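Right, one structure below, let's go through it.
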Amino acid sequence: MYKAPVEEIAFTLNHVAGLADAVEIGRFGDLSSDLVNAILDEAGRFATNEIAPLGEIGDKQGARLIGGEVKTPDGWPELYRHWREGGWNGLTAPEAFGGQHLPHMLNVAALEMWNSASMAFALAPTLTMGAIEAIAAHGSEVLKEKYLEKMVSGEWTGTMNLTEPHAGSDLGVLKTRAERRGDGTYRIFGQKIFITWGEHDAADNIIHLVLARLPDAPAGTRGISLFLVPKFLVDDDGSLGARNDVFCHSIEHKLGIHGAPTCTMIYGDGRFHPENGEEKGAIGWLIGEENKGLACMFTMMNNARLAVGMQGVAIAEAATQKAVAYAHERTQGRAPGWTGEGQRGDMSPIIEHPDIAGTLVTMKALTQGARAICYACAYAIDMSHHTEGDEARHWSERAALLTPVAKSFATDIGVEVASLGIQVHGGMGFIEETGAARYLRDARIAPIYEGTNGIQAIDLVTRKLPLSSGEHIRGFIGELKEIAESVAASNETALGESGDRLRAAVAALEAATNWLLEAQADGKITDALAGATPYQRLFGLTLTGCYLAKGALVDIGDGGMEKRVALCRFMAENLLAETSALKDRVISGAASLEAARAILA
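Going by the UniProt record's numbering, the sequence shown opens with residue 1, and the numbers climb by one from there.
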């Protein structure tokens, strides 16, 4: 059973990502280290004791569409009520609407624990939090006053409606249409697919944020508007009124996240309109300006991408815990030097075998590295909101740079580590009863939704590397060099060759970065894009090595420094060599890819 790693989470937040220093200088008002610890402890308790026990039920039972109504797994509506009564939905929300306005870093840490316990359950609040951000940033005062308090409390949930059967990543071709009415409302018509928690029985109302196109809108993404479309209309006194003309047509039968209803939503076909001559169409309200809806939605999507990165971390953590526990219990063969005897005979626990030990430490290193990257991204987001002028711009660019890496590397690691977890279990890992397979099934969606990892790589290379004419990424690489030099200068024998290996990895990242910037400056966009995905992994592995090293150099008297040093050395001496090969793929791979296209004909 999953147990929230609160101490490890707290250490990474405080001493790798930078929360402790920010709290000490009062960057987040009167937030204290005691309050941080209390929040993390309680989140860990809730995830471990209340969510995790229902995770398996959710996976086996799944969401069900019965008589046109979606039923979530047994116990989940009550679980969600307990969760929202704890105030978890409003950690970072505006105080004006009942939120606590705490740093994003704390919410991200809590999200890790919710998702480790049950990724399918955690998806509901994840989407609601994103919808709150979009409405708070772009909604009218009327919409904020009518909807945000109930959404911040968690009494109402939110969704994001982008995808259509013919329009996945390319939103410019979406067909859902909106029609103006003279009373300030709009009528929405169309179909949306893959809508997470689009219909369910855990909340009284569901607030859909829907992308649609007006009749006179420009073509492509420049002609998309964003609308708020509630399941139930809300009267002026805040009470629920008539059912809106929106419903769930079907739910998907998926590889994983079975407990989360993934819905096909239909807007405006007349199903919920009284037969009194009233015009058809789901009633919606504009968020932001007409034809500028994509910018509003990206407020929701950018932080959602970090939240999805946390799903990768969460699955990796849960899969690692399960694999380590199994490896201590399972006996097979006799490991070199094994002297243990007793009721298990002469067989060794499989964790004593070098291959299994290496696999488990690899899982641990990748998980911790992905966690540090995501927390560092959250720190950058927080700093961009709590600084001004050039400093705020710096942290905004840092958040922009790290977001595609956090989303893609962490979710790739989630799949990789979950797969390794099955390997540790052997044949039993392929059997559903052990629970190891569930993590791989759940993890596999994360590299796909909220922008596939290939799209994240394109964004990283073409939009984020050129920030400030490339000076931001060069400055960041300079910071990584300082970490590598600190390791080399520490003269800590237990770190082995970590300093030299880190220097080599950072040099590989620098060479690949410079090549990509030069290629784009020379108009060789195709060549740059051919190297985008390997560059993204190169970036993530290098950051993992550097952040593990940063943690290894911190001694807070918790007795964990020796383990952190060992993990840093393992990462540096066993996994960082891949960065050299990835650099070669970035720089030299385009020509061979172009030549190989012929085999796809």
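Glycine included, every Cβ here is placed at the ideal spot set by N, Cα and C.
Source: prediction; values computed, not measured.
Per DSSP, reduced to three states, the secondary structure at Arg564 is helical. One alpha carbon belongs to Lys464, the other to Leu516, and they sit about 12 Å apart. Between Cys248 and Gly184, the gap from beta carbon to beta carbon reaches 8 Å or more.
When the Cα atoms are used, Glu471 and Leu35 turn out to be separated by approximately 37 Å. Of the residues assessed, His166 falls on the exposed side of the cut-off, its CB having fewer than 16 other CB atoms within 10 angstroms. Contact between the region 451-458 and the region 128-147 is not established, with fewer than three Cβ pairs separated by less than 8 Å.
According to the DSSP assignment, Thr126 belongs to the alpha helix (DSSP H) that extends over 119-138. When the alpha-carbon of Asn574 is set against those of Leu54, Lys146, Gly545, Ala601, the nearest one is in Gly545.
In this model, Ala17 and Asn115 are separated by some 20 Å (Cα to Cα). Spatial neighbours of Met383 in its own chain (CB-CB distance under 7 Å, excluding positions within 5 residues in sequence) are listed in chain order as Trp395.
Following the DSSP letters along the chain, one finds Glu69 inside the beta strand (DSSP E) bounded by residues 69-71. Between the region 315-328 and the region 414-429 there are three or more C-beta pairs closer than 8 Å, enough to call the two in contact. Boundaries of the beta strand (DSSP E) around Ala212: 205-212. Taking 8 Å as the cut-off, the Cβ atoms of Asp59 and Arg597 do not count as close. Each residue's CA atom was taken as its position, placing Ala380 and Gly340 some 49 Å apart. Unbroken beta strand (DSSP E) stretches of 3 residues or longer found wholly inside the UniProt domain "Acyl-CoA oxidase/dehydrogenase middle" (160-266): 177-180, 186-196, 205-212, 225-230, 232-234, 240-243, 246-251, given in chain order. By the Cβ-count criterion, Val142 is exposed, with fewer than 16 other Cβ atoms from all chains shown falling within 10 Å of its own Cβ. With a cutoff of 8 Å on beta-carbon distance, Gly259 and Ala63 are scored as near each other. DSSP links Leu516 through a beta bridge to no other residue. In the structure shown, the three-state DSSP call for Lys464 is helix. For Pro349, the pairing in a beta bridge is given by DSSP as Thr331. Residues Val565 of the same chain have their beta carbon placed closer than 6 Å to that of Ala494, with the five preceding and five following residues left out of the count. Here the alpha carbon of Leu255 sits roughly 7 Å from the alpha carbon of Asp442. Here the alpha carbon of His138 sits roughly 20 Å from the alpha carbon of Ala392. Taking a C-beta distance under 8 Å as the contact criterion, Asn291 and Gly223 qualify as a contact pair. Here Trp338 carries a coil assignment [DSSP, helix/strand/coil]. Contact between the region 89-109 and the region 210-224 is absent, with fewer than three C-beta pairs closer than 8 Å. Around the beta carbon of Lys583, 16 or more other beta carbons sit within 10 angstroms, so the residue counts as buried.
Assignment of Gly58 by DSSP, reduced to helix, strand and coil, places it in the helix class.
In its chain, beyond the 5 residues on either side, Arg564, Val565, Cys568 have a beta carbon closer than 6 Å to the beta carbon of Ala552.
Collapsing the DSSP output to three states places Leu65 in a strand. By the criterion of a C-beta distance shorter than 7 Å, Asn244 is surrounded in its chain by Val229, Pro230, Lys231, Phe232, Leu233, Phe272, Ala282, Ile283, once the five residues flanking it on both sides are discounted. The criterion of a C-beta distance shorter than 8 Å is satisfied by Leu502 and Ala484. The secondary-structure analysis by DSSP pairs Ala507 with nothing; it has no beta-bridge partner. One Cα belongs to Pro336, the other to Thr533, and the distance between them is close to 40 Å.
For Phe298, the number of other beta carbons within 10 angstroms of its own is below 16, and it is reported as exposed.
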